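Asks: Quick one: structure below, then a few questions.
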Amino acid sequence: MARVSVTDGTLVVEVEGIDKLWALKSRLEIPLANVRGATIDPGMAHESRGIKLLGTHMPGLITAGTFRSHGDRVFWDVKNPAGAIVVELADENYTRLILEVADPRATVRLIEQAKRPA
Amino acid sequence: MGRPRAFDEDEAVQAAAGLFAAQGYEGTSVDDLVTGLGVHRGSLYKVFGSKRGLYLAALRRHLDQEVLPVAAALAAAPDPAVLLTRAVAAYDGGPAGGFLLLAAAERAPVDPEVAALVEEGLAALDVAVATVLGAEEPPPGEPADGLAGILGATVLGLRLRARAAGTPPPAEAVVAFAGRLAATLPQPPRRA
Chain S
20 MARVSVTDGT LVVEVEGIDK LWALKSRLEI PLANVRGATI DPGMAHESRG
70 IKLLGTHMPG LITAGTFRSH GDRVFWDVKN PAGAIVVELA DENYTRLILE
120 VADPRATVRL IEQAKRPA
Chain P
3 MGRPRAFDED EAVQAAAGLF AAQGYEGTSV DDLVTGLGVH RGSLYKVFGS
53 KRGLYLAALR RHLDQEVLPV AAALAAAPDP AVLLTRAVAA YDGGPAGGFL
103 LLAAAERAPV DPEVAALVEE GLAALDVAVA TVLGAEEPPP GEPADGLAGI
153 LGATVLGLRL RARAAGTPPP AEAVVAFAGR LAATLPQPPR RA
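Residue numbers (our numbering), protein chains in the order written: chain S, 20 to 137; chain P, 3 to 194.
If you want it as structure tokens, here you go:
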């Protein structure tokens, strides 16, 4: 599970609990300008993970860490696919983040509204 | 970066417009899009950024390919009866028929970019109606002439009811209504 918040034009992703150990990463900060969008996507969990670069993949239990797929670097932190969202990035180390969050609808709305010009 | 797209972007956007028109934004999952468009999930995110990004592209395409050309053609109708009949038959039609109305009801209230696209489509209809009625086009940003707005709303309402009923509105009823309406209207000025 990940906690997603927006502070001062920056998207902050905090990997919660023991997932930090599996992902070998606890926090990501992305300028909102480099966030292209966010989407509720439980079906993402059925996609191939590609090659694990750093982290953990136990099929059916947890995917956490950095994977390479079709030339993209993808960060995963998903145990229950029902809560999965996809955050697409530009000009970042990662091409996209695939995160399990407590309330996917609210998190996607938060990101979309934060990106909206005031 | 720099790799060629593995799919035809315009075809994908058209297919997405059809899905969104049939199932709505919330009712169309990324799984539906991946299957319906025949593209890889990764490519979909890479090109459009998000489901919302694809939705905006699909609505933009529906406006450009269907709504705005039809509205422009409607402006050439000889009288309000013909205008109304043609508008009810074709406005917001095509492969993604009803997409504009659905977007107006579902997404425009919560997404300002969708609201702007919907407004562009509705304004084009109002301008076409106003042109046929011989009214002055309203200055940008101001509401259309009252009568043009009412006729435009009639078109939207008839299309919505037709969608709910699953059948096109009976042409004779539209013509009869338009005929009665036309009889009550001042004749438009003759145009060369």
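Where a beta carbon is used, it is the ideal one built from N, C-alpha and C, also for glycine. Source: prediction; values computed, not measured.
Taking all protein chains shown into account, do 16 or more other C-beta atoms lie within 10 angstroms of the C-beta of Met63(S), making it buried, or fewer, making it exposed?
Replies: So Met63(S) counts as buried.
Asks: Under 7 Å, Cβ to Cβ, is there at least one residue of chain P near His89(S)?
Replies: Chain P, which has a Cβ nearer than 7 Å to the Cβ of His89(S), makes this yes.
Asks: Check Ala110(P) in the structure and name its three-state DSSP category.
Replies: In the structure shown, Ala110(P) sits in coil (DSSP, three-state: anything other than H, G, I, E or B).
Asks: Mind listing the chain S neighbours of Pro111(P)? Cutoff is C-beta to C-beta under 7 Å, in chain order.
Replies: Residues of chain S passing the Cβ test: none, with the nearest at roughly 13 Å.
Asks: Mind listing the chain S neighbours of Gly55(P)? Cutoff is C-beta to C-beta under 9 Å, in chain order.
Replies: Result: Arg55, Gly56, Thr58 and Glu107.
Asks: State the CB to CB distance for the pair Val72(P) and Tyr93(P), rounded to an integer number of angstroms; the pair is presumed to be in contact (CB under 8 Å).
Replies: Rounded, the Cβ-Cβ distance is 5 Å, consistent with contact.
Asks: For the segment 67-81 of chain P and the segment 22-30 of chain P, state whether three or more C-beta atom pairs, one from each stretch, are separated by less than 8 Å.
Replies: The answer is no - the segment 22-30 of chain P does not touch the segment 67-81 of chain P, with fewer than three Cβ pairs under 8 Å.
Asks: For a test of the three-state rule: what should DSSP assign to Arg22(S), helix, strand or coil?
Replies: Here Arg22(S) sits in strand by DSSP.
Asks: Verify whether the separation of the beta carbon atoms of His89(S) and Thr82(S) is less than 7 Å.
Replies: Result no, Cβ atoms of His89(S) and Thr82(S) do not sit closer than 7 Å.
Asks: Less than 7 Å separating the beta-carbons of Ala126(P) and Gly20(P)?
Replies: Cβ distance not < 7 Å, so Ala126(P) and Gly20(P) don't count as in contact.
Asks: Could you please give the first and the last residue of the uninterrupted alpha helix (DSSP H) stretch that includes Ala101(S)?
Replies: Unbroken run through Ala101(S): none, as it is neither H nor E.
Asks: Counting only C-beta atoms, is Gly20(P) closer than 7 Å to chain S at any point?
Replies: No, no contact with chain S.
Asks: Following the continuous alpha helix (DSSP H) through Phe50(P), name the residue where it begins and the one where it ends.
Replies: Unbroken alpha helix (DSSP H) run through Phe50(P): Arg43 to Phe50.
Asks: Taking 7 Å as the CB-CB cut-off, is Asp33(P) touching chain S?
Replies: At least one chain S Cβ lies under 7 Å of Asp33(P).
Asks: Please report the distance separating the alpha-carbon of Asp12(P) from that of Ala185(P).
Replies: Each residue's alpha carbon lies about 45 Å from the other.
Asks: With a Cβ-Cβ cutoff of 7 Å, do Arg55(S) and Leu72(S) count as a contact?
Replies: For Arg55(S) and Leu72(S), no; Cβs fall outside 7 Å.
Asks: Counting C-beta neighbours from all protein chains within 10 Å, is the total for Ala8(S) 16 or more, i.e. buried, or is it exposed?
Replies: Residue 8(S) lies beyond the residue range present for chain S, which begins at 20 and ends at 137; the question has no answer from this structure.
Asks: How long is the line joining the alpha carbons of Ala150(P) and Asp128(P), rounded to whole angstroms?
Replies: Roughly 6 Å separates the two Cα atoms.
Asks: For chain P, check one thing: does any of its Cβ atoms lie closer than 7 Å to the Cβ of Gly62(S)?
Replies: It does; some Cβ of chain P falls within 7 Å.
Asks: Could you spell out where the alpha helix (DSSP H) holding Leu118(S) opens and where it closes?
Replies: Not the alpha helix (DSSP H): Leu118(S) falls in the beta strand (DSSP E), residues Arg115 to Glu119.
Asks: Verify the CB distance criterion: does Arg92(S) have a CB-CB separation below 7 Å to chain P?
Replies: Judged by the 7 Å Cβ criterion, Arg92(S) is not in contact with chain P.
Asks: DSSP beta-bridge partners for Leu91(S)?
Replies: According to the sequence as given, residue 91(S) is Asp; it is not Leu. Answer by DSSP bridge pairing, in chain order: Ser88(S).
Asks: Taking only the alpha-carbon atoms, compute the straight-line gap between Ala195(P) and Gly40(P) and give it to the nearest angstrom.
Replies: Any question about residue 195(P) goes unanswered here, given that chain P covers just 3 to 194.
Asks: For Leu108(S), which residues from the same chain have a beta carbon less than 8 Å from its beta carbon, with the 5 sequence-adjacent residues on both sides left out?
Replies: Excluding positions up to five away in sequence, the list reads Ile49, Asn53, Val54, Arg55, Thr114, Arg115 and Leu116.
Asks: Run down chain S in chain order and give the residues with a C-beta less than 9 Å from the C-beta of Tyr27(P).
Replies: The premise fails here: Tyr27(P) is roughly 11 Å from chain S at the closest Cβ pair, so nothing lies under 9 Å.
Asks: Given a cut-off of 7 Å, decide if Val15(P) and Asp60(S) are closer than it, judged by their beta-carbon atoms.
Replies: No.
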